[in-house]
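Chemist:
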Amino acid sequence: MKEISIEILKELEKGNIKTKCDLNKVKLRVLNKYKPQAEIKHIPKNADIYFAASEEERKKFKEILSLKPVRTISGVAPIAMMSEPYPCPHTMKGIGPCSYCPGGPGSAFGNVPQSYTGKEPSTRRAIRNNYDPYFIVFNRLEHYVAMGRIPDKAEIIIQGGTFTFFPREYQEYFVKYALKAMNDFSKLFFNGNGNLDLFRFKKFFELPRELDEDDKRIKKVQQKLVYIKNLDLNDDENRKKIESLFFEDNDFFNGSVSNGRLSNVSGDIENNNAKITVSAQIISPGKIDSNILAIKNIQSKMQNENNKSFALKQIQKENETSFIRCVGLTIETKSDFGKLYHGNLMLELGCTRVEIGVQSIYDEVLEATSRGNSAADNIESIRVLKDLGFKINCHYMPGLPLTTKEMDMHGLRQLFENQDYMPDMLKIYPCMIMEGTRLYDDWKAGKFNPLTTKEAAEIIAEAKRFVPEFLRIVRIQRDIPTYVTSSGVDRTNLRQYVERVCKEKRIKCRCTRCREAGLNSIQNKNINLENLKIKVMEYEASKGKEFFISAEDIENDVIFGYCRLRFPSQSLRQEITKDSALIREIHVYSAAVQIGKKSDDSFQHRGIGKKLMTKAEETAKQHGKNKMVVLAGIGAKEYFKKLDYELEGVYVVKDLRI
Numbered sequence: 001m002k003e004i005s006i007e008i009l010k011e012l013e014k015g016n017i018k019t020k021c022d023l024n025k026v027k028l029r030v031l032n033k034y035k036p037q038a039e040i041k042h043i044p045k046n047a048d049i050y051f052a053a054s055e056e057e058r059k060k061f062k063e064i065l066s067l068k069p070v071r072t073i074s075g076v077a078p079i080a081m082m083s084e085p086y087p088c089p090h091t092m093k094g095i096g097p098c099s100y101c102p103g104g105p106g107s108a109f110g111n112v113p114q115s116y117t118g119k120e121p122s123t124r125r126a127i128r129n130n131y132d133p134y135f136i137v138f139n140r141l142e143h144y145v146a147m148g149r150i151p152d153k154a155e156i157i158i159q160g161g162t163f164t165f166f167p168r169e170y171q172e173y174f175v176k177y178a179l180k181a182m183n184d185f186s187k188l189f190f191n192g193n194g195n196l197d198l199f200r201f202k203k204f205f206e207l208p209r210e211l212d213e214d215d216k217r218i219k220k221v222q223q224k225l226v227y228i229k230n231l232d233l234n235d236d237e238n239r240k241k242i243e244s245l246f247f248e249d250n251d252f253f254n255g256s257v258s259n260g261r262l263s264n265v266s267g268d269i270e271n272n273n274a275k276i277t278v279s280a281q282i283i284s285p286g287k288i289d290s291n292i293l294a295i296k297n298i299q300s301k302m303q304n305e306n307n308k309s310f311a312l313k314q315i316q317k318e319n320e321t322s323f324i325r326c327v328g329l330t331i332e333t334k335s336d337f338g339k340l341y342h343g344n345l346m347l348e349l350g351c352t353r354v355e356i357g358v359q360s361i362y363d364e365v366l367e368a369t370s371r372g373n374s375a376a377d378n379i380e381s382i383r384v385l386k387d388l389g390f391k392i393n394c395h396y397m398p399g400l401p402l403t404t405k406e407m408d409m410h411g412l413r414q415l416f417e418n419q420d421y422m423p424d425m426l427k428i429y430p431c432m433i434m435e436g437t438r439l440y441d442d443w444k445a446g447k448f449n450p451l452t453t454k455e456a457a458e459i460i461a462e463a464k465r466f467v468p469e470f471l472r473i474v475r476i477q478r479d480i481p482t483y484v485t486s487s488g489v490d491r492t493n494l495r496q497y498v499e500r501v502c503k504e505k506r507i508k509c510r511c512t513r514c515r516e517a518g519l520n521s522i523q524n525k526n527i528n529l530e531n532l533k534i535k536v537m538e539y540e541a542s543k544g545k546e547f548f549i550s551a552e553d554i555e556n557d558v559i560f561g562y563c564r565l566r567f568p569s570q571s572l573r574q575e576i577t578k579d580s581a582l583i584r585e586i587h588v589y590s591a592a593v594q595i596g597k598k599s600d601d602s603f604q605h606r607g608i609g610k611k612l613m614t615k616a617e618e619t620a621k622q623h624g625k626n627k628m629v630v631l632a633g634i635g636a637k638e639y640f641k642k643l644d645y646e647l648e649g650v651y652v653v654k655d656l657r658i
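Going by the numbering used here, the first residue of the sequence shown is number 1, and it counts up by one from there.
Okay, structure coming up:
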């Protein structure tokens, strides 16, 4: 693989490769040259070329070899994580699962997380890593570095069903080891100045890859991770062991360590899901027994893998100043498991954003699809979580049973304009037909027809007329390959179809995603930081008062960043007094820049955040508020300390009277 990569680098040096398309053509041409000599099954990844390059070549060709720039162009590096297969709460009550929901223990797709098929990128990554949070984060950070990105501002997104229904111990375990992975990755591969030690990184992850032997490489890396997962890397003796085993001349895989408890690790990881499936078949093929087995699997994992000598609070505290920091943590839940009790528990985990599966504003639709909660539950959950300081991302499903196009248009408009909803973000997931669901049976019987690609695009495009400036449409369509769906939207690029309809009808979307500086800059649109103006939009929502404070180039309709300021409708915690104002989010767009550094290609670290904070504090004082309460991400707390905020409970606060 290295020889092939070097050949491709020679073509890059000639200056013949200007685009990703050019690069792919050269890859194929070089591969065809080598095929007579070796049976090559895989095309070299950009990461293979990157690690075969010299330091000078890496700097020179960094942009052309980087993948998925949109991932970090919004200012953070997202890490989507999948929890273990586990039943939904209303399934255990005998109500669910939802009639449209695939996956779950013992599903038609095997033992996969609820509402997933096992074919999504994040699910495949979780399965490959045995649903281990430590492995998953290490794997994702490895990918970012391999793409030439430094993911020092990371955002954890926990997917896989109703996370707040999992046992409390598992929730803490999952977050704890995700954060420990960030802390350990920082210690292993970055020096005191925040610079990547590429030699250590390549040696640990065995890069560049050998030709068509990536599976072996992955298993060897996982063996190393099993060894260090429960080691305290602050301990001098442990650090010496790791240096000796992984970075000096000693061969970890020929030594006594690998011959002991690690000798079968890769086999256990590979066969975990198969064992669960076999056990379920021995007990009974029924869904209930699969759910019980999934619960027992979690209990077993807590007994065998959760090192209680590492406390969550201790790991969180360390991450506040770690090189790679968790600046945001997102949890998915249902509204009946997103009330005050659950909100307080999520705060303790370090959660900053909650994704709520609203799905419909109509009670008759929620009941017909066995959702297990009401529209009133959705409204209450949104209000409570906003009053605790969370950002709210709602999911909505056009095309559900009993709905019409007009009902869906009305439903989406209600989300945008009805004060009971008005979330900060929205994911729009047209209803799809998947095997193993009750809706699949109805479709087969001719009782239900889902929306087509054209119908879904029309509804969403029309809804974009009414999108408020404070809202971000995060995603349009589930990240599920269409080959596993039986009917419904049959294109994975639904957003492009929506954009085409918008263009034809001259519909201009005003959501923050469509206007953000990062995306507009990579689309070569006119942006002028000198035109920056601070703008305040005031509105009522969830019985409280909201201020969307944005930094914009108004002339070019571009947003550089924003702050979400709320006067809560109720004081739900002692940190939040009746005279408190809440900052639920502050965000500056553009390519993520390392903490403490600047870049000519980014709008981060240019004082925009401070301007937004100053305006938020001024606004709060003008309305008689004397205390600012900020729900900051674990790794963002140091930023607020520099602005004279101090820790109080799970928040950072400032006395506005001083």
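The C-beta atom is built at its ideal place from N, Cα and C for all residues, glycine as well.
Output the residue ranges of the alpha helix (DSSP H) runs that lie fully inside the segment 401 to 450 and measure 4 residues or longer, sorted by chain position.
Modeler: Listed in chain order, they are 405 to 417, 438 to 444.
Chemist: By alpha-carbon positions, which one of Tyr173, Glu552, Met147, Leu494 ends up nearest to Asp132?
Modeler: On the sequence shown, position 132 is the one that residue 132 refers to. The candidate whose alpha carbon is nearest that of Asp132 is Tyr173.
Chemist: Taking Met92 as the reference, give the member of Met628, Leu572, Arg371 with the closest Cα.
Modeler: Your numbering for residue 92 matches position 92 in the sequence shown. Out of Met628, Leu572, Arg371, Arg371 has the C-alpha closest to the C-alpha of Met92.
Chemist: Once the 5 residues before and after Asn183 are set aside, which same chain residues still bring their CB inside 8 Å of it?
Modeler: Within the sequence shown, the letter at position 183 stands for residue 183. Excluding sequence neighbours, Asn183 sits near Leu233, Ile315, Glu318, Asn319, Ser322, Ile324.
Chemist: Taking all protein chains shown into account, decide if Lys229 is buried (16 or more other Cβ within 10 angstroms of its Cβ) or exposed.
Modeler: Your numbering for residue 229 matches position 229 in the sequence shown. Buried, since its Cβ has 16 or more Cβ neighbours within 10 Å.
Chemist: Measuring alpha carbon to alpha carbon, tell me which residue in Tyr116, Met81, Ser83 is nearest Pro97.
Modeler: Residue mapping note: residue 97 aligns to position 97 of the sequence shown, counting from 1. Taking only the C-alpha atoms, the option nearest Pro97 is Tyr116.
Chemist: So, with DSSP's three-state summary, where would you put Asp132?
Modeler: Within the sequence shown, numbered from 1, the residue matching residue 132 stands at position 132. Correct three-state label for Asp132: coil.
Chemist: Can you tell me the Cβ-Cβ gap for Arg465 and Ile433, rounded? I've got them flagged as a contact below 8 Å.
Modeler: Within the sequence shown, residue 465 is the residue found at index 465, counting from 1. Within the sequence shown, residue 433 is the residue found at index 433, counting from 1. The pair is not a contact, with the Cβ atoms about 29 Å apart (cut-off 8 Å).
Chemist: DSSP has Asn393 in a bridge; who is on the other side?
Modeler: For this step, residue 393 is matched to residue 393 along the sequence shown. BP columns for Asn393 point to Glu355, Met425.
Chemist: For Asn626 and Ala146, I'd like the C-alpha separation in whole angstroms.
Modeler: By 1-based counting over the sequence shown, the position of residue 626 is 626. By 1-based counting over the sequence shown, the position of residue 146 is 146. For Asn626 and Ala146, the distance between alpha carbons rounds to 47 Å.
Chemist: Select from Lys216, Glu213, Glu243 the residue whose C-alpha is nearest the C-alpha of Tyr227.
Modeler: In the sequence shown, the residue the question calls residue 227 occupies position 227. If we check each option's Cα against that of Tyr227, Glu243 comes out closest.
Chemist: Using 8 Å as the cut-off, can you tell me whether the segment 455 to 463 makes contact with the segment 398 to 418, which would need three or more C-beta pairs spanning the two stretches below that distance?
Modeler: Touching, per the Cβ criterion.
Chemist: Where does Pro121 sit, in a helix, a strand or coil, going by DSSP?
Modeler: Within the sequence shown, residue 121 is the residue found at index 121, counting from 1. DSSP places Pro121 in helix when its eight states are reduced to three.
Chemist: Using a 10 Å radius around the Cβ and a threshold of 16 neighbouring Cβ atoms, would you call Met661 buried or exposed?
Modeler: Past the boundaries of the shown model lies residue 661; the chain is included only from 1 to 658, so the question cannot be answered.
Chemist: How about Ile379 and Lys427: do their beta carbons lie closer than 9 Å?
Modeler: Locating residue 379 in the sequence shown gives position 379, counting from the first residue. Locating residue 427 in the sequence shown gives position 427, counting from the first residue. The answer is no: Cβ separation not under 9 Å.
Chemist: What residues match up with Gln316 in a beta bridge as DSSP calls it?
Modeler: Along the sequence shown, read from residue 1 onward, the residue named residue 316 stands at position 316. Partner(s): none; Gln316 has no beta bridge.
Chemist: Excluding the five sequence neighbours on either side, which residues of its own chain have a C-beta within less than 6 Å of the C-beta of Arg681, listed in chain order?
Modeler: Not covered by the structure: residue 681. The range shown for the chain is 1 to 658.
Chemist: What residues in its chain sit with their C-beta under 6 Å from that of Gly160, if we drop five residues either side in the sequence?
Modeler: The residue labelled residue 160 in the question sits at position 160 within the sequence shown. Once the five neighbours on either side are set aside, the close Cβ partners of Gly160 are Met82, Ser83, Pro113.
Chemist: Does the segment 188 to 196 come within contact of the segment 355 to 373, defined as at least 3 CB pairs closer than 8 Å?
Modeler: Not touching, per the Cβ criterion.
Chemist: Between Glu646 and Met537, how many whole angstroms is the CB-CB distance? I'm expecting something under 8 Å.
Modeler: On the sequence shown, position 646 is the one that residue 646 refers to. On the sequence shown, position 537 is the one that residue 537 refers to. Not confirmed; about 29 Å, so no contact.
Chemist: Please name the residue in Ile292, Val30, Ile127 whose C-alpha comes closest to that of Gly106.
Modeler: Stepping through the sequence shown from its first residue, residue 106 is reached at position 106. Answer by Cα proximity: Ile292.
Chemist: Taking the straight line between their C-alpha atoms, what separation do you get for Ala456 and Glu575?
Modeler: Taking the sequence shown and counting its residues from 1, the one referred to as residue 456 is at position 456. Taking the sequence shown and counting its residues from 1, the one referred to as residue 575 is at position 575. Taking the straight line from one Cα to the other gives about 44 Å.
Chemist: Going by beta-carbon coordinates alone, are Pro423 and Ala294 separated by less than 9 Å?
Modeler: Looking up residue 423 in the sequence shown gives position 423. Looking up residue 294 in the sequence shown gives position 294. Taking 9 Å as the Cβ cut-off, Pro423 and Ala294 do not qualify as a contacting pair.
Chemist: Please report how far the alpha carbon of Ser550 lies from the alpha carbon of Leu612, in whole angstroms.
Modeler: Within the sequence shown, the letter at position 550 stands for residue 550. Within the sequence shown, the letter at position 612 stands for residue 612. Approximately 7 Å between the Cα atoms of the pair.
Chemist: Among the residues of its own chain, which have a CB less than 6 Å from the CB of Glu546, if the five just before and after it don't count?
Modeler: The residue given as residue 546 occupies position 546 in the sequence shown. Here the set comprises Tyr539, Arg566.
Chemist: For Glu13, I'd like the list of residues in its chain whose CB is within less than 6 Å of its CB, leaving aside the five on either flank, ordered along the chain.
Modeler: In the sequence shown, the residue the question calls residue 13 occupies position 13. Result list for Glu13: empty, nothing under 6 Å.
Chemist: Tell me whether the beta-carbon of Val26 lies closer than 9 Å to the beta-carbon of Ile17.
Modeler: Taking the first residue of the sequence shown as position 1, residue 26 is located at position 26. Taking the first residue of the sequence shown as position 1, residue 17 is located at position 17. Cβ distance < 9 Å, so Val26 and Ile17 count as in contact.
Chemist: Apply the 10 Å Cβ neighbour rule to Thr404 and answer buried if 16 or more other Cβ atoms are within range, or exposed otherwise.
Modeler: Mapped onto the sequence shown, residue 404 falls at position 404. The residue in question, Thr404, is exposed, as its Cβ has fewer than 16 Cβ neighbours within 10 Å.
Chemist: Where do the ends of the beta strand (DSSP E) carrying Gln223 lie?
Modeler: If you number the sequence shown from 1, residue 223 lands on position 223. Unbroken run through Gln223 is the alpha helix (DSSP H), 214 to 229; no beta strand (DSSP E).
Chemist: Can the beta-carbon of Ile331 be found less than 9 Å from the beta-carbon of His395?
Modeler: Numbered from 1 along the sequence shown, position 331 holds the residue referred to as residue 331. Numbered from 1 along the sequence shown, position 395 holds the residue referred to as residue 395. No. Outside cutoff.
Chemist: Which value, in whole angstroms, describes the spacing of the CA atoms of Ile127 and Ala178?
Modeler: Position 127 of the sequence shown, counting from 1, holds the residue named residue 127. Position 178 of the sequence shown, counting from 1, holds the residue named residue 178. Rounded to whole angstroms, Ile127 to Ala178 spans 16 Å at the Cα level.
Chemist: Taking the CB atoms as reference points, tell me whether Asn306 and Glu169 lie closer together than 9 Å.
Modeler: Against the sequence shown, residue 306 aligns to sequence position 306. Against the sequence shown, residue 169 aligns to sequence position 169. Contact flag set, yes.
Chemist: If you draw a straight line from the alpha carbon of Glu617 to that of Val650, how long is it in whole angstroms?
Modeler: As a first step, residue 617 is located in the sequence shown; it is residue number 617 there, counting from the start. As a first step, residue 650 is located in the sequence shown; it is residue number 650 there, counting from the start. Distance between the alpha carbons of Glu617 and Val650: 20 Å.
Chemist: What would DSSP say about Asn669, mapped onto helix, strand or coil?
Modeler: It is not possible to answer for residue 669, since the shown part of the chain is limited to 1 through 658.
Chemist: When DSSP labels each residue in this structure, what does Gln159 get in the three-state scheme?
Modeler: The sequence position of residue 159 within the sequence shown is 159, counting from 1. Looking at Gln159 - three-state DSSP - the assignment turns out to be strand.
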